[in-house]
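Top line first, the protein sequences correspond to chains A and W. Mapping of the first sequence onto my numbering: position 64 corresponds to residue 419, and the numbering continues sequentially without gaps. Mapping of the second sequence onto my numbering: position 52 corresponds to residue 407, and the numbering continues sequentially without gaps.
Protein chains: 2
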Amino acid sequence: MRPKLILFGDSITEESFGEGGWGSALAHHFSRKVDVVLRGYSGYNTRWALKVAERALDGLQAEEGEGSAGSAPGGGGDRHHRPPLAVTVFFGANDASLSDRISAFQHVPIAEYRHNLHALISLLKKRWPSTTVLLITPPPIDEDGRLRHPFAENPSGLPERTNESAGAYANACVAVAMEANVPVVDLWSKMQLFLGWEKAFLRDGLHLTADGNRIVFEEVAEKLRQHGLSPETLPADLPLLSEIDPLDPLRSFEN
Amino acid sequence: MRPKLILFGDSITEESFGEGGWGSALAHHFSRKVDVVLRGYSGYNTRWALKVAERALDGLQAEEGEGSAGSAPGGGGDRHHRPPLAVTVFFGANDASLSDRISAFQHVPIAEYRHNLHALISLLKKRWPSTTVLLITPPPIDEDGRLRHPFAENPSGLPERTNESAGAYANACVAVAMEANVPVVDLWSKMQLFLGWEKAFLRDGLHLTADGNRIVFEEVAEKLRQHGLSPETLPADLPLLSEIDPLDPLRSFEN
Numbered sequence: 356m357r358p359k360l361i362l363f364g365d366s367i368t369e370e371s372f373g374e375g376g377w378g379s380a381l382a383h384h385f386s387r388k389v390d391v392v393l394r395g396y397s398g399y400n401t402r403w404a405l406k407v408a409e410r411a412l413d414g415l416q417a418e419e420g421e422g423s424a425g426s427a428p429g430g431g432g433d434r435h436h437r438p439p440l441a442v443t444v445f446f447g448a449n450d451a452s453l454s455d456r457i458s459a460f461q462h463v464p465i466a467e468y469r470h471n472l473h474a475l476i477s478l479l480k481k482r483w484p485s486t487t488v489l490l491i492t493p494p495p496i497d498e499d500g501r502l503r504h505p506f507a508e509n510p511s512g513l514p515e516r517t518n519e520s521a522g523a524y525a526n527a528c529v530a531v532a533m534e535a536n537v538p539v540v541d542l543w544s545k546m547q548l549f550l551g552w553e554k555a556f557l558r559d560g561l562h563l564t565a566d567g568n569r570i571v572f573e574e575v576a577e578k579l580r581q582h583g584l585s586p587e588t589l590p591a592d593l594p595l596l597s598e599i600d601p602l603d604p605l606r607s608f609e610n
Numbered sequence: 356m357r358p359k360l361i362l363f364g365d366s367i368t369e370e371s372f373g374e375g376g377w378g379s380a381l382a383h384h385f386s387r388k389v390d391v392v393l394r395g396y397s398g399y400n401t402r403w404a405l406k407v408a409e410r411a412l413d414g415l416q417a418e419e420g421e422g423s424a425g426s427a428p429g430g431g432g433d434r435h436h437r438p439p440l441a442v443t444v445f446f447g448a449n450d451a452s453l454s455d456r457i458s459a460f461q462h463v464p465i466a467e468y469r470h471n472l473h474a475l476i477s478l479l480k481k482r483w484p485s486t487t488v489l490l491i492t493p494p495p496i497d498e499d500g501r502l503r504h505p506f507a508e509n510p511s512g513l514p515e516r517t518n519e520s521a522g523a524y525a526n527a528c529v530a531v532a533m534e535a536n537v538p539v540v541d542l543w544s545k546m547q548l549f550l551g552w553e554k555a556f557l558r559d560g561l562h563l564t565a566d567g568n569r570i571v572f573e574e575v576a577e578k579l580r581q582h583g584l585s586p587e588t589l590p591a592d593l594p595l596l597s598e599i600d601p602l603d604p605l606r607s608f609e610n
């Protein structure tokens, strides 16, 4: 039975199975090893995420042995629960919306953002102590892109998100990861190492292009690898074709 | 809690979360509605699939309420099980390997292929009576592509799969679907309606290009839609951004 990798976040997670998406790439990377489960909620900030986290994650603990109903007296208590291998927590792009512009209803003050991230980590660690919790900072913001592709009418001529604000939230996210001793992908910093990041990685100043998705995939896969979660180290589900004896294929399926 | 769509098949399923893959496209199509679960086994034929089906599908019945452990006396018996919405069964490309060529160890005689498909449908229907079982025929074969991209040394100069053989298995698959009264996507026929299908849809004479993936996605999504499974009719997991009152966002999360 396969373990799970849960992707919990906002629209950048919800969209991650679109063309060239980082979620699909992770599912392909972990093919035959891990079930990648999508829990992306477009527009959500950490305040809302904290409200719904228990519901969003309900049912995501793999339960073995359900095929053999009634195998143990007493029922559920004897079943073996298997926690997810890892959960990515990828919020902040909405929290960082400015409080006096058109996306103000999604804004969360930075002190509360820090507190909410800690609370999400605690909730996950209480539920699944062995699970790797991986934070991802919000991406940088291309303000020109935000003005060209507004989500709603924006007569002010001012972007509802700025790169400076996203950077402050990204720094807060990195600080929370250090305090909670969990790994973090600093996407805000990483992307800005590349010349022309504004258009190369962001299709509307906020959401990812195919190249932007590739960076997220590579960074997340590398962090997971550093925590022992890679295709090379995880067992495959059922025999691989290369392990099947052409002279006696059925013998491979006996155990 | 989200229901599942399970993709059970061979390499064309296992690869379906690769770049432009039909599995990813389904996951994106059903975003916020359905968890798409990948159970693709490269090289497997129906004989092997039947041997492993119980193990491959173990744990894939969603179980609600596990978050509230011990909420009901007696344990597991009181929990509410939720079967998958649908399972795609996509085998035949390996069964149709010719019995006297280099992939002979994967060959399954056509009468046994029919029998095995019926057995897989019965197993699924017994496990989950309400679940839609959707058969998919093997794709057509571009023999030139198979000779240019052999999986193993092939000194014979003869392809290990032919389009004629794939067509016979595709017809058998359609016949099984009619007999068992389950829907089927006749991919073998559908693809050959397009001029230049050999290179447009198949990258090595057997596996799918991006355009080939798109056809599988469109056909599967349309069949599921005909059986009531579409993004328009399925409920979303948690409130959509458009449903959240900007003046009082938290009220949306109260129920």
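No residue lacks a Cβ here, since even glycine has one placed at the ideal position from N, Cα and C.
Proximity below 8 Å, CB of ASP541 (chain A) to CB of ALA525 (chain A): Here residue 541 (chain A) is taken as the residue at index 186 of the first sequence, counted from 1. Here residue 525 (chain A) is taken as the residue at index 170 of the first sequence, counted from 1. Taking 8 Å as the Cβ cut-off, ASP541 (chain A) and ALA525 (chain A) qualify as a contacting pair.
THR487 (chain A) and VAL529 (chain A) closer than 8 Å at C-beta: Residue numbering aside, residue 487 (chain A) sits at position 132 when the first sequence is read from its first letter. Residue numbering aside, residue 529 (chain A) sits at position 174 when the first sequence is read from its first letter. Cβ atoms of THR487 (chain A) and VAL529 (chain A): not closer than 8 Å.
Going along the chain, which unbroken runs of the beta strand (DSSP E) with 3 or more residues stay wholly within the segment 436-519 of chain A? 441-445, 487-491
With a threshold of 16 other CB atoms inside 10 Å of the CB of THR401 (chain A), please say whether the residue is buried or exposed. Sequence index remark: in the first sequence, residue 401 (chain A) carries index 46 (1-based). THR401 (chain A) should be labelled buried.
Taking the alpha-carbon positions, what's the ALA448 (chain W) to TYR399 (chain W) distance? Your numbering for residue 448 (chain W) matches position 93 in the second sequence. Your numbering for residue 399 (chain W) matches position 44 in the second sequence. Using only the alpha carbons, I get a separation of about 9 Å.
Under a Cβ-count criterion, where at least 16 other Cβ atoms within 10 Å of its own Cβ denotes burial, should ASN536 (chain W) be classed as buried or exposed? The residue given as residue 536 (chain W) occupies position 181 in the second sequence. ASN536 (chain W) is exposed by the Cβ-count criterion.
Proximity to PHE372 (chain W) [Cα-Cα], best of A:LEU381, A:ASP592, A:LEU513: Reading the second sequence from its first residue, position 17 is the one you call residue 372 (chain W). Closest option to PHE372 (chain W), Cα to Cα, is A:LEU381.
Where do the ends of the beta strand (DSSP E) carrying ILE361 (chain A) lie? For the purposes of this step, residue 361 (chain A) is identified with residue 6 of the first sequence, where counting begins at 1. From DSSP, the beta strand (DSSP E) with ILE361 (chain A) extends over 359-364.
What residues in its chain sit with their C-beta under 7 Å from that of PRO439 (chain A), if we drop five residues either side in the sequence? One-based indexing of the first sequence puts residue 439 (chain A) at position 84. Within the same chain, PRO439 (chain A) has close Cβ partners PRO358, LYS359, LEU360, ILE361, LEU415, TRP483, THR486.
So that I know if they touch, is there some Cβ in chain A lying closer than 8 Å to that of TYR524 (chain W)? Mapped onto the second sequence, residue 524 (chain W) falls at position 169. No, because no Cβ of chain A sits closer than 8 Å to the Cβ of TYR524 (chain W).
At what residue ranges does the segment 360-418 of chain W contain a whole run of the alpha helix (DSSP H), taking only runs of 4 or more? 366-369, 377-384, 401-412
Report yes or no: is there a C-beta of chain W within less than 8 Å of the C-beta of PHE572 (chain A)? On the first sequence, residue 572 (chain A) is found 217 positions in, with the first residue counted as 1. Output row for PHE572 (chain A): interface = no.
Given ILE465 (chain W), which residues of its chain have a CB within under 7 Å of its CB, disregarding the five upstream and five downstream residues? One-based indexing of the second sequence puts residue 465 (chain W) at position 110. Only ALA523, TYR524, ALA527 meet the Cβ criterion.
contact_flag[the segment 364-378 of chain W, the segment 563-570 of chain W] where n(CB pairs < 8 Å) is 3 or more: yes
If you measure from the beta carbon of GLY398 (chain W) to each beta carbon in chain A, is any gap under 8 Å? Here residue 398 (chain W) corresponds to residue number 43 of the second sequence, with the count starting at 1. So yes, GLY398 (chain W) belongs to the interface.
Can you confirm whether the segment 448-462 of chain A touches the segment 493-513 of chain A when touching is taken to mean that 3 or more C-beta pairs between the two stretches lie within less than 8 Å? yes
Nearest chain W C-beta to GLY447 (chain A) closer than 8 Å, yes or no? Residue mapping note: residue 447 (chain A) aligns to position 92 of the first sequence, counting from 1. No, no contact with chain W.
Test: GLY375 (chain W) CB closer than 8 Å to a CB of chain A: Taking the first residue of the second sequence as 1, we reach residue 375 (chain W) at position 20. Yes, its Cβ sits closer than 8 Å to a Cβ of chain A.
Can you say whether LEU412 (chain W) is buried or exposed, counting buried as having 16 or more other CB atoms within 10 angstroms of its CB? Numbered from its first residue, the second sequence carries residue 412 (chain W) at position 57. Buried, since its Cβ has 16 or more Cβ neighbours within 10 Å.
Candidates A:PHE445, A:LEU489, A:ARG437, A:PHE556: which alpha carbon is nearest TYR468 (chain A)'s? Along the first sequence, read from residue 1 onward, the residue named residue 468 (chain A) stands at position 113. Answer by Cα proximity: A:PHE445.
So LEU589 (chain W) and VAL407 (chain W) are in contact, right, with Cβ under 8 Å, and what is the actual spacing, rounded? In the second sequence, counting from the first residue as 1, residue 589 (chain W) sits at position 234. In the second sequence, counting from the first residue as 1, residue 407 (chain W) sits at position 52. Not quite, the Cβ-Cβ distance comes to about 29 Å (not below 8 Å), so this is no contact.
Under 9 Å by beta carbon: chain A residues contacting SER455 (chain W): As a position in the second sequence, residue 455 (chain W) is number 100, starting the count at 1. Checking the sequence shown, residue 455 (chain W) turns out to be Asp, not Ser. Per Cβ cutoff of 9 Å: no residues; ASP455 (chain W) is ~14 Å from chain A at best.
For the alpha helix (DSSP H) holding ARG580 (chain W), just list the boundary residues, first then last. Working through the second sequence from its first residue, we reach residue 580 (chain W) at position 225. Note, ARG580 (chain W): alpha helix (DSSP H), 565-581.
Within 10 Å of its beta-carbon, does ALA451 (chain W) have 16 or more other beta-carbons around it, so buried, or fewer, so exposed? Residue 451 (chain W) sits at position 96 when you count from the first residue of the second sequence. Buried, because 16 or more other Cβ atoms sit within 10 Å of the Cβ of ALA451 (chain W).
Can you list the residues of chain A that GLU369 (chain W) reaches, using a CB-CB cut of under 8 Å? Taking the second sequence and counting its residues from 1, one reaches residue 369 (chain W) at position 14. Result: SER386, ARG387.
Selected residue, minimal CA-CA separation from ASP365 (chain W), among W:ALA404, W:VAL391, W:HIS384, W:LEU550: The residue you call residue 365 (chain W) lines up with position 10 of the second sequence. Nearest option by C-alpha distance: W:ALA404.
Run of the alpha helix (DSSP H) containing ALA555 (chain W), from where it starts to where it stops: As a working note, residue 555 (chain W) is residue 200 in the second sequence. ALA555 (chain W) -> alpha helix (DSSP H) spans 552-555.
8 Å is my cut-off, CB to CB: does GLY364 (chain W) come that close to chain A? Residue 364 (chain W) sits at position 9 when you count from the first residue of the second sequence. No, because no Cβ of chain A sits closer than 8 Å to the Cβ of GLY364 (chain W).
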